[in-house]
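Sequence positions in the sequence shown follow our numbering and run 85 to 376. Glycine residues also receive a C-beta, built at the ideal position from the N, C-alpha and C atoms. Heads up, the thing below is written out as structure tokens.
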Amino acid sequence: MIKSMTGYGKGEAVSGQGVFSVEVRSVNHRYGEISVRMPRAFYSQENDIKRLASTVLKRGKIDVTVQWEESAGADSIPQINRELAAGYCEAFRQLSGELGLPGDVPLTLILGQKGVLRDSGTVIDEAELLPQLTEAVQAAVAAIDGMRMREGEALAADLLARRRQLAEWVDQIRVRTPLMVAEYQQKLSNRLEQLLGDVELDPARLAQEVALLADRCDITEELVRLGSHFAQFDEAMCLNEPVGRKLDFLMQEMNREVNTIGSKANDALIASLVIQIKAEMEKMREQVQNIE
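Structure, rendered in structure tokens:
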């Protein structure tokens, strides 16, 4: 099953104390990298969240964002740190007297100082909320996994269509190769007849020249290896595991064989086919870079 490395998923879970909202985003990456952003109260669960995500999402740069919103019933009246407030008030009064400023210290100024007002909400029990957090993470991971699979199906269809087109062009090269040698022999024979005139042409020498060309232009091994790479590519596309790296490696090997064919084949038609093949393979490699 081919999966894309890009996707988005969201999951929620409700408890008596509030609601967890989890978002998961992923983009292309050479390896599997998971980062988690979450409220400080749940930092101890970061490794568990990464483990849940990594069991499904094997490759890509994956960002997990956890949000926690307490329910209305969990709200409470803030507490006042009276000792700290009195300290601020005395400090402000002294400063006001030193500067000769009229009036008393405003209450809003004191309440606005850091630490004067404290949230007296209920203490979060991580162990109690862990099932809901896990549920939200699993839902988000399942959602992004579904999106990555759907995009993977589209990628697979596109890659297989392009791979079949490559095979058609390679078959044309395979048919053209023996004709290329025969045409070269005829061209060489005609050229020598024009140059030598009435001088008798040595058939052995002509055959030797043609044999040398045939040896230099022999691309049989490259075509065989290319066919093997095509077969391995098709097999990898059917595997139920991450195959992005394997496909990327096969694309490199295919490109190497095609480059060799282009450099060895002394023929305009084959050169034209090689250019088309390389252009199509570059599109395929761009698509392969997005596969898990």
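Beta-carbon contacts of residue i that lie in its chain and below 6 angstroms, excluding the five residues immediately before and after
i	result
S356	none
F176	V189
E337	H313
C173	V189, I194
Own chain partners of residue i with C-beta closer than 7 angstroms, once the 5 adjacent residues on each side are dropped
i	result
Q371	L239, D242, L243
K134	I118, V120
R246	E364, K367, M368
L213	S99, Q101
D351	R260, M264
A251	F314
Q249	E364
M231	G91, Y92, G93
N374	S88, M89, T90, N112, L239
Whole-angstrom distance between residue j and residue i, CA atom to CA atom
i	j	result
A320	K330	8 angstroms
N324	Y115	18 angstroms
Y127	S105	15 angstroms
A224	E366	34 angstroms
E153	E219	16 angstroms
A211	L217	10 angstroms
L185	A169	20 angstroms
G346	V358	6 angstroms
D132	R124	15 angstroms
S110	K362	30 angstroms
E182	L191	20 angstroms
K72	R309	Because the chain is modelled from 85 through 376, residue 72 falls outside the range shown and cannot be assessed.
V148	G171	43 angstroms
V140	P326	11 angstroms
E107	D332	29 angstroms
L136	A226	10 angstroms
Q360	V342	11 angstroms
S27	G93	Residue numbering for the chain in the displayed model covers 85 to 376; residue 27 lies beyond these limits and cannot be assessed.
N112	L179	58 angstroms
C322	N339	22 angstroms
DSSP state of residue i mapped onto helix, strand, coil
i	result
T149	strand
V308	helix
K134	helix
E107	strand
S128	helix
S180	helix
E117	strand
G171	helix
K198	coil
A349	coil
G100	coil
K87	coil
K94	strand
E154	strand
G187	coil
Q336	helix
Q373	coil
I303	coil
Residues near residue i by beta carbon distance below 8 angstroms, same chain, minus five either side
i	result
L334	H313, Q316, F317, A320
R258	L307
I303	I257, T261, T344, I345, K348, A349
Q129	M122, E210, L214, L217
G311	V254
V103	E96, A97, W152, E153, S155
V150	F104, S105, V106, V120, R121, M122, P123, F126, I133, L217, A220, V221
E167	none
Cβ distance (whole Å) where residue i is taken to contact residue j below 8 angstroms
i	j	result
I86	E237	7 angstroms
S88	I118	With 8 angstroms as the limit, S88 and I118 do not qualify as a contact, their Cβ atoms being about 17 angstroms apart.
Q222	G95	7 angstroms
G199	N165	6 angstroms
G91	I228	4 angstroms
R234	E376	That pair is no contact at about 13 angstroms.
beta-carbon residue i near the ligand HEM non-hydrogen atom, thresh 6 angstroms
i	result
G196	In the structure shown, the ligand HEM is absent, as is every other ligand, since no ligand is present at all.
Proximity test, Cβ basis, 7 angstroms: residue i and chain B
i	result
I164	Although the question refers to chain B, the structure presented lacks it and comprises just one protein chain.
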